[in-house]
Amino acid sequence: MSTRKKKPRTAKVRAQDTARQRRKRERDAQHRADVGAETFKWETYAGTRDDMECIRLAGGFEQVEEGLTLAVRYVANMARRDPAALRAALDPRNLV
């Protein structure tokens with residue numbers, strides 16, 4: 001544990017921090033606009049959340065969203081290449 005005392009934050013340091021954070025928010029907003037980011041909400045049930053966690057763990061992802069994004073991209077590629085195979089893979093009678 002450090003025994004150094006923190007220096008009090010001056011008005012100048014606070015202003016610098018505020019400006020830095022504002023620039024970061026602006027960069028983040030610009031990046032989201034550049035890549036066409038969009039937020040949507042959806043309702044999931046326990047089984048689906050368990051499946052999403054399974055994807056996260058098996059893929060070694062830090063976030064569920066990363067695994068879901070890659071899964072969607074994979075399935076979309078399958079839909080483009082072989083729609084019949086996609087329909088067979090997503091047949092509700094074959095999921096479990």
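For the sequence shown, position 56 (counting from the first letter as 1) is numbered 56 according to the UniProt record's numbering, and the numbering increases by one without interruption.
Backbone N, C-alpha and C fix where the C-beta goes; we use that ideal spot for every residue, glycine too.
Inter-residue spacing [alpha-carbon to alpha-carbon] between residue i and residue j
i	j	result
K5	K12	19 angstroms
N94	L86	12 angstroms
D28	W42	24 angstroms
Q30	A15	22 angstroms
T18	K7	18 angstroms
R22	E62	27 angstroms
V35	P92	33 angstroms
E38	R25	16 angstroms
F40	D82	28 angstroms
R32	T69	16 angstroms
D50	R73	20 angstroms
Residues near residue i by beta carbon distance below 6 angstroms, same chain, minus five either side
i	result
R9	none
R80	none
Outcome for residue i when other beta-carbon atoms lying within 10 angstroms are tallied against a minimum of 16
i	result
G60	exposed
G67	buried
Close beta carbons around residue i, own chain, < 8 angstroms, minus the five adjacent residues each side
i	result
E53	V64
A71	I55
M78	A85, L86, A89
Spatial neighbours of residue i in its chain, beta-carbon cut-off 7 angstroms, leaving aside the 5 residues before and after
i	result
A76	none
Report yes or no: do the segment 30-47 and the segment 57-73 share at least 3 C-beta pairs separated by less than 8 angstroms?
no
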